[in-house]
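The opening residue of the sequence shown carries number 14 in the numbering used here; numbering runs sequentially from there.
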Amino acid sequence: MKYISVLFLFFVLTLSAQEKIAVEIKEAWIRPAAAGMNTALFFKVTNHTESVDTLFDASSNAADLVEVHETYVDGDKMGMRRTKAEIKPGETVEFKPRSLHVMFIKLLKDMKIGDTQEVTLHFKNAGDVKITAEVKDNMPAPMRKEMNKKKMN
């Protein structure tokens, strides 16, 4: 009987060691904004698998539309466009201001500092990954000053 118990324990431990997280999301936060406006979700994603994975979409009940975006520069113009984010094996990709981000278009509610929001990230291989992001004012100081200047002009 002890032999069977030890064998069962070994089997369970082996299975749990193999159940590795495919993608890991850390430091998820959303910029504060009022209902009707746009905002963005930022985070770090690590691919713990041995194959490339792609974040191709996102969803949330907080906005009319949620999309994976990138900020681009074309000459003297800066803009945003929908994209897919490829995460190579073992790689960590940071979604941050003026780079990759998840865009919330036409918020259905206010995003106030301290609130939390559930978001589902849709990966090609890892499938749907549900996260909870906190609303924070984490914009880097130089970027915040620049944005305030643009609002005044």
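Just so you know, even glycine gets a beta-carbon here, dropped at the ideal spot from N, CA and C.
Is residue i helix, strand or coil when you go by DSSP?
{"i": "Arg94", "result": "strand"}
{"i": "Ala35", "result": "coil"}
{"i": "Thr62", "result": "coil"}
{"i": "Asp77", "result": "strand"}
{"i": "Lys101", "result": "coil"}
{"i": "Lys149", "result": "coil"}
List the DSSP bridge partners of residue i.
{"i": "His82", "result": "Arg95, His114"}
{"i": "Ser72", "result": "Thr133"}
{"i": "Lys57", "result": "Lys39, Glu107"}
{"i": "Met124", "result": "Ala46"}
{"i": "Asp141", "result": "His135"}
{"i": "Asp87", "result": "Lys90"}
Starting from the C-beta of residue i, find all residues in its chain whose C-beta is less than 8 Å away, skip the five residues before and the five after it, and write them out in chain order.
{"i": "Ala30", "result": "Interpretation of Ala30 is limited by its pLDDT of 44, a score under 50 that renders its predicted location unreliable; no figure is taken from the coordinates."}
{"i": "Ala41", "result": "Leu54, Phe55, Phe56, Val132, Ile144, Thr145, Ala146, Glu147"}
Give every residue of the same chain whose Cβ lies closer than 6 Å to the Cβ of residue i, excluding the five residues on either side of it in the sequence, and list them in chain order.
{"i": "Thr105", "result": "Lys57, Thr59"}
{"i": "Leu113", "result": "Glu83, Ala98"}
If we call anything under 8 Å between Cβ atoms a contact, is residue i one with residue j?
{"i": "Thr67", "j": "Lys97", "result": "yes"}
{"i": "Phe69", "j": "Val81", "result": "yes"}
{"i": "Met152", "j": "Thr52", "result": "no"}
{"i": "Lys122", "j": "Ala71", "result": "no"}
{"i": "Val142", "j": "Ile100", "result": "no"}
Pull up the distance between the alpha-carbon of residue i and that of residue j, whole angstroms please.
{"i": "Gln130", "j": "Asp89", "result": "35 Å"}
{"i": "Thr145", "j": "Leu54", "result": "11 Å"}
{"i": "Met91", "j": "Pro110", "result": "13 Å"}
{"i": "Gly103", "j": "Ala35", "result": "10 Å"}
{"i": "Met93", "j": "Thr84", "result": "4 Å"}
{"i": "Asp87", "j": "Val115", "result": "21 Å"}
Quick one: what's got a C-beta closer than 7 Å to residue i's C-beta in the same chain, skipping five residues either side?
{"i": "Glu107", "result": "Lys57"}
{"i": "Arg95", "result": "Glu80, Val81, His82"}
{"i": "Ala76", "result": "Phe117, Ile118, Lys119, Leu120, Leu121"}
{"i": "Phe136", "result": "Val36, Asp66, Thr67, Leu68, Val142"}
{"i": "Lys33", "result": "His61"}
{"i": "Ala46", "result": "Thr52, Leu120, Met124"}
Less than 7 Å between the CB of residue i and some heavy atom of the ligand ATP, yes or no?
{"i": "Leu78", "result": "The ligand ATP is absent from the structure shown, which contains no ligand whatsoever."}
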